[in-house]
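Residue numbers (my numbering), protein chains in the order written: chain A, 4 to 114; chain B, 1477 to 1589.
Note sheet for the following structure.
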Amino acid sequence: GAGVSQSPSNKVTEKGKDVELRCDPISGHTALYWYRQSLGQGLEFLIYFQGNSAPDKSGLPSDRFSAERTGGSVSTLTIQRTQQEDSAVYLCASTLEETQYFGPGTRLLVL
Amino acid sequence: DAKTTQPPSMDCAEGRAANLPCNHSTISGNEYVYWYRQIHSQGPQYIIHGLKNNETNEMASLIITEDRKSSTLILPHATLRDTAVYYCIVRAPGGRAGNMLTFGGGTRLMVKP
């Protein structure tokens, strides 16, 4: 069946621009996570959505980062006024019970 | 979540079984053992998980010792496509932000022809 999809797969932007990253979770999965991974590093948790509950935003590194999940399905991660340190792979995962299934990620490069 | 210890790297011949060990001596009674892998430039991929019984699926087998302080992931016939970093994680259901994942260093498995 269809897995988690993310778009775009790669994004190059200039410092100061805004970017939007999209995640389409597996149908029927109620929970959705955003992580980021810098080169050679582990996962850094960003935000978590569970059903209709208020999202857990405790991992967002600054107020330039925001995310929403519309209709309990598709999610968009927005980074405003991008900085070079935002360059990373942004990963989305959706959860069936306790197991997380990841998308391929969006590679963001801020020049 | 309990800490895990894995060897930083391992080699395996193509077609042979790859046995990846993981120590989790401080595991609690309600914590599961999960294995994920990450192939270069791809998102993490779920492999298998278990609580105390051995588990097998189409990708791998998971052997958990009786005291649950260690486990072994077995790829029965490794292929070149199995070259990846393998992460062993122990976690209880729920917890902070639901069940957010944190990866340690993992084991870099190199399958050689």
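Quick reminder that beta carbons are idealized off the backbone N, C-alpha and C, glycines included.
Shown here, Glu23 (chain A) sits in a strand according to DSSP, grouped into three states.
Residues of the stretch 71 to 101 of chain A with a C-beta atom less than 9 Å from some C-beta of chain B are Val92, Leu94, Cys95, Ala96, Thr98, Glu100, Glu101, listed in chain order.
Apart from sequence neighbours up to five positions away, the residues of its chain that approach Pro11 (chain A) with a beta-carbon distance below 7 Å are Thr109, ordered along the chain.
Contact note: Pro1569 (chain B) reaches chain A through Glu101, using a C-beta cutoff of 7 Å and chain order. Taken atom to atom, the span from the alpha-carbon of Gln53 (chain A) to that of Gly75 (chain A) is near 8 Å.
With fewer than three CB-CB distances shorter than 8 Å, the stretch 97 to 106 of chain A does not count as touching the stretch 1540 to 1555 of chain B.
Under a 10 Å Cβ-count criterion, Thr1555 (chain B) is classified as exposed, with fewer than 16 other Cβ atoms of the shown protein chains found around its own Cβ. For Gln53 (chain A), DSSP records a beta bridge to A:Ala34. When the beta-carbon positions are compared, Val1509 (chain B) and Val1561 (chain B) stay at least 9 Å from each other.
By the neighbour-count definition (other C-beta atoms within 10 Å, threshold 16), Ala57 (chain A) is an exposed residue. Here Tyr93 (chain A) is near Trp37 (chain A), since their CB atoms are less than 9 Å apart. Using a CB distance cut-off of 9 Å, Val15 (chain A) does not count as an interface residue toward chain B. Per DSSP, the continuous beta strand (DSSP E) segment holding Gln9 (chain A) begins and ends at 8 to 10. Against chain A, the CB of His1525 (chain B) has a partner CB under 9 Å away; the residue lies at that interface.
Taken through DSSP and simplified to helix, strand or coil, Gly62 (chain A) comes out as coil. Inclusion of Ile82 (chain A) and Asp27 (chain A) in the CB contact set at 9 Å is not warranted, their separation being larger than that value.
The three-state secondary structure of Thr73 (chain A), taken from DSSP, is helix.
Neighbourhood of Gly1491 (chain B) in chain A, by CB distance below 8 Å: empty, with the nearest CB roughly 28 Å away. Annotated three-state conformation of Arg110 (chain A) is strand, per DSSP. Within chain B, no residue has its CB atom less than 8 Å from the CB of Phe68 (chain A), the nearest being about 15 Å off. Annotated three-state conformation of Gln103 (chain A) is strand, per DSSP. Interface criterion not met: the Cβ of Gln1482 (chain B) is under 9 Å from no Cβ in chain A.
The residue among A:Leu63, A:Pro107, A:Ser90, A:Tyr51 with its C-alpha nearest the C-alpha of Lys18 (chain A) is A:Ser90.
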